[in-house]
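For reference, the structure discussed in these notes is given below.
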């Protein structure tokens, strides 16, 4: 049994992949969750993130006892996991980073703010907020890639030119490989 973290900046496809995996994987073998499903936090607050990872590592250990793997989606780096109290080398952990080229990710993030016509109506403050959001997640995208490339237990999946079903199938294959 294992704990699998699916990570990536906003807009790379984490939620879409997990939603698709829920339909494709047997529920009795996989517990799929979003890191913040029990209490949504809208900012990158390190103490909160570490506490959530700790909680999910504990849940994963419980799931393992019943024969289930735990798949967790959220913005998490391998270092955050290694630094939480519950982390144990005894619990196999696999990391999957969904990554997209900056220009594609920027386009996806900007689209979260409405249509081009709607964005044209933004005042200066709303435009600044959008730019900060996009720039912040582009920086996170780069930082996560660097962190995952130096982790032996990590797989990086480029979502730039891939359809959601293709990405989901690749993640599903990785999960099944862990079972073998």
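In this note's numbering, the protein residues as written are 5 to 184. Glycine included, each C-beta is placed from N, C-alpha and C at the ideal position.
Secondary structure at residue i, three-state DSSP: helix, strand or coil?
i           : result
residue 98  : strand
residue 75  : strand
residue 139 : helix
residue 153 : helix
residue 40  : coil
residue 11  : strand
residue 6   : coil
residue 167 : coil
Leaving aside the five residues before and after residue i along the sequence, list all residues of the same chain whose C-beta is less than 7 Å from its C-beta, in chain order.
i           : result
residue 25  : 36, 75, 172, 175 and 176
residue 164 : 104, 105 and 108
Among the options, which one has its Cα closest to the Cα of residue i?
i           : options               : result
residue 141 : 119, 101, 154 and 113 : 113
residue 160 : 167, 150, 168 and 169 : 150
residue 103 : 6, 7 and 18           : 18
residue 155 : 120, 50, 80 and 170   : 80
residue 168 : 6, 20 and 139         : 20
residue 8   : 85, 28 and 99         : 99
residue 38  : 30, 32 and 53         : 53
Between residue i and the rest of its own chain, which residues show a CB-CB distance below 6 Å, the 5 nearest in sequence each way excluded?
i           : result
residue 183 : none
residue 60  : 76
residue 22  : 36 and 77
Specify, as a first and last residue, the run of the beta strand (DSSP E) that residue i falls within.
i           : result
residue 104 : Where residue 104 is concerned, there is no enclosing beta strand (DSSP E), given that its DSSP letter is neither H nor E.
residue 159 : 158-162
Would you give the residue range spanned by the alpha helix (DSSP H) that residue i belongs to?
i           : result
residue 120 : 120-124
residue 80  : Counting along the chain, residue 80 falls outside any alpha helix (DSSP H), and DSSP gives it neither H nor E.
residue 33  : It is not in any alpha helix (DSSP H) - residue 33 carries neither H nor E in the DSSP assignment.
residue 58  : 50-69
Could you name the residues of the same chain whose beta carbon sits closer than 8 Å to that of residue i, not counting the 5 residues immediately before and after it, in chain order?
i           : result
residue 95  : 6, 7, 61, 64, 65 and 68
residue 153 : 160
Given 8 Å, three or more beta-carbon pairs between the region 63-71 and the region 12-21: Using a C-beta cut-off of 8 Å, the region 63-71 makes no contact with the region 12-21, since fewer than three inter-stretch Cβ pairs fall below that distance.
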